[in-house]
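Comments concern the structure below.
2 protein chains.
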Amino acid sequence: MTGTRWLDDDEQRAWRAFMRMQAQLTAQLGRQLQADSGLSLADYEVLVQLTDVPDGRIRPYELQRNLQWEQSRLSHHLTRMQRRGLITREECTEDGRGAFVVLTDAGRQAITAAAPGHVAAVRRLFFDGLTRDQIATLQRVSQQVLAQLDAAVETGG
Amino acid sequence: MTGTRWLDDDEQRAWRAFMRMQAQLTAQLGRQLQADSGLSLADYEVLVQLTDVPDGRIRPYELQRNLQWEQSRLSHHLTRMQRRGLITREECTEDGRGAFVVLTDAGRQAITAAAPGHVAAVRRLFFDGLTRDQIATLQRVSQQVLAQLDAAVETGG
DNA sequence: GGCACGTAGATGACGCATCATCTACACGAC
DNA sequence: GTCGTGTAGATGATGCGTCATCTACGTGCC
Chain P
1 MTGTRWLDDD EQRAWRAFMR MQAQLTAQLG RQLQADSGLS LADYEVLVQL
51 TDVPDGRIRP YELQRNLQWE QSRLSHHLTR MQRRGLITRE ECTEDGRGAF
101 VVLTDAGRQA ITAAAPGHVA AVRRLFFDGL TRDQIATLQR VSQQVLAQLD
151 AAVETGG
Chain R
1001 MTGTRWLDDD EQRAWRAFMR MQAQLTAQLG RQLQADSGLS LADYEVLVQL
1051 TDVPDGRIRP YELQRNLQWE QSRLSHHLTR MQRRGLITRE ECTEDGRGAF
1101 VVLTDAGRQA ITAAAPGHVA AVRRLFFDGL TRDQIATLQR VSQQVLAQLD
1151 AAVETGG
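Here the protein sequences line up with chains P and R, keeping their order. According to my numbering, the stretch in the first sequence is residues 1 to 157, in order. According to my numbering, the stretch in the second sequence is residues 1001 to 1157, in order.
Below you can see the structure in the form of structure tokens.
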């Protein structure tokens, strides 16, 4: 490593703006959701997965794959959501190691109540000022970066 | 509120890709930084601010303005960084309420050692697959969203 | 059967982020 | 002076995220 190629001015500006935007956006979306419905963004994502699936039942490992969360994060989070009555756990008879996460009525009510305000906030804070082209570019950029992130994981870093 | 305007397919795809990318990117950058140099991304940002300023001294409220962190987050974080010897605090004689945050030698060494690997990771995971145009668009989009976030804060939400 | 290895999931410890609250000082009006 | 209001900063409680580790079951091989 004989010389680091630092970020040039454009890159620096883009990077700082991006990182700041990303941090503030999730912070504000999280605050809105918490204040209006008592859910965190993480709760919301879990509940979305559960409403996307028949019977509101899913195996934790599938949830993990869909959310791409660390396994222990998911486990801890489910414990907290269970304590608050948003989900329950049931044992899985086909696989003795496994379990099911089940959406409760309270969980379904919570996300039903939360969704309109959350989507409105996503529009107001994010989509409203952007053009179709910008949104398309953003989507391609995100996919590209995701591919790079996957590649880095696979090559061990 | 008689009907929510949900996200259409394009918006949904863009939003999910963006949120996932953002989460995975900061997770992987954080892991790299932590593993290679024992710093968190938050530590790194604080240290960057301190190296950007003469004498490595800055008032916490300036740091807060630059980083746009919650005040109490900053205060807690500085306490932890102080415990690890990366910074010290000094009292401010001009303003009896105030304080100074001062970069220690250990802090300077830590960021000097961490920076090349971090920048390399930012390139590898983020910039390398993107065109100049995409980077420019990303920067404009970020500024636009930041403006919307500021506007939302000012109108009380 | 017994063993090795892989996978599903839980847990404890610890650092991080947020909220509510508190102290202390500055500054201006009176 | 002192009283109100604003600003700088710290703190305790609590929920969140990560790492290391653990249990328990499945699967294939001998």
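All residues carry an ideal CB built from backbone N, CA and C; glycine is no exception.
Short CB-CB distance (under 8 Å) between D128 of chain P and chain R
On the first sequence, position 128 is the one that residue 128 of chain P refers to. For D128 of chain P, the answer is yes, since a Cβ of chain R falls inside 8 Å of its Cβ.
Enumerated in chain order, which unbroken segments of the beta strand (DSSP E) with a length of 3 residues or greater are wholly contained in the region 1050-1135 of chain R?
1087-1091 and 1099-1103
Proximity to R1005 of chain R [Cα-Cα], best of P:T104, P:P116, P:A136 and P:R20:
For this step, residue 1005 of chain R is matched to residue 5 along the second sequence. The option with the nearest alpha carbon to R1005 of chain R is P:P116.
Going by C-alpha distance, which of R:T1137, R:V1102, R:F1018 and R:R1013 is nearest R1059 of chain R?
As a first step, residue 1059 of chain R must be located in the second sequence, where it is residue number 59. It is R:V1102 whose Cα lies nearest to the Cα of R1059 of chain R.
G30 of chain P, DSSP secondary structure in three states
Indexing the first sequence from 1 puts residue 30 of chain P at position 30. The answer is helix: DSSP assigns G30 of chain P an H, G or I state.
Of the residues P:T104, P:D9 and P:E90, the one placed nearest G98 of chain P, counting alpha carbons only:
Here residue 98 of chain P corresponds to residue number 98 of the first sequence, with the count starting at 1. Of the candidates P:T104, P:D9 and P:E90, the one whose C-alpha sits nearest the C-alpha of G98 of chain P is P:E90.
T1104 of chain R to G1056 of chain R span [Cα, whole Å]
The count along the second sequence starts at 1 and reaches residue 1104 of chain R at position 104. The count along the second sequence starts at 1 and reaches residue 1056 of chain R at position 56. Each residue's Cα considered, the two are about 8 Å apart.
Is the region 14-32 of chain P touching the region 78-85 of chain P in the sense that three or more CB pairs, one from each, lie closer than 8 Å?
no
Does any residue of chain P bring its CB to less than 8 Å from the CB of I1135 of chain R?
Position 135 of the second sequence holds residue 1135 of chain R. Interface residue, yes.
By a C-beta neighbour count over all protein chains shown, 10 Å radius and 16 as the cutoff for buried, is Q1148 of chain R buried or exposed?
As a working note, residue 1148 of chain R is residue 148 in the second sequence. So Q1148 of chain R counts as buried.
Using DSSP with H/G/I as helix, E/B as strand and the rest coil, what is S37 of chain P?
Counted from its first residue, the first sequence places residue 37 of chain P at position 37. DSSP places S37 of chain P in helix when its eight states are reduced to three.
Span separating the alpha-carbon of S1040 of chain R from that of G1003 of chain R
Stepping through the second sequence from its first residue, residue 1040 of chain R is reached at position 40. Stepping through the second sequence from its first residue, residue 1003 of chain R is reached at position 3. Approximately 43 Å, taken between the alpha carbons.
Are E1094 of chain R and L1067 of chain R touching if we call contact CB-CB under 8 Å?
Your numbering for residue 1094 of chain R matches position 94 in the second sequence. Your numbering for residue 1067 of chain R matches position 67 in the second sequence. Not closer than 8 Å, so no.
If you pair each beta-carbon of the region 67-76 of chain P with each one of the region 124-141 of chain P, do three or more pairs fall below 8 Å?
no
Could you tell me the distance, in whole angstroms, from the CA atom of A42 of chain P to the CA atom of A1114 of chain R?
As a first step, residue 42 of chain P is located in the first sequence; it is residue number 42 there, counting from the start. As a first step, residue 1114 of chain R is located in the second sequence; it is residue number 114 there, counting from the start. Straight-line Cα distance between these residues: approximately 30 Å.
Taking 7 Å as the limit between beta carbons, can you name the residues of its chain near A106 of chain P, skipping five residues before and five after?
Taking the first residue of the first sequence as 1, we reach residue 106 of chain P at position 106. Answer for A106 of chain P: G85 and L86, listed in chain order.
Strictly below 8 Å CB to CB, what residues from chain P border L1039 of chain R?
Residue mapping note: residue 1039 of chain R aligns to position 39 of the second sequence, counting from 1. Ordered by position in chain P, no residue passes the 8 Å Cβ test against L1039 of chain R, which lies about 16 Å from the chain.
Return no unless some Cβ of chain P is closer than 8 Å to the Cβ of A1120 of chain R.
Here residue 1120 of chain R corresponds to residue number 120 of the second sequence, with the count starting at 1. Yes - at least one Cβ of chain P is within 8 Å of the one on A1120 of chain R.
For D1052 of chain R and T1088 of chain R, the rounded distance between their alpha carbons
One-based indexing of the second sequence puts residue 1088 of chain R at position 88. One-based indexing of the second sequence puts residue 1052 of chain R at position 52. So the alpha carbons of these two residues sit roughly 17 Å apart.
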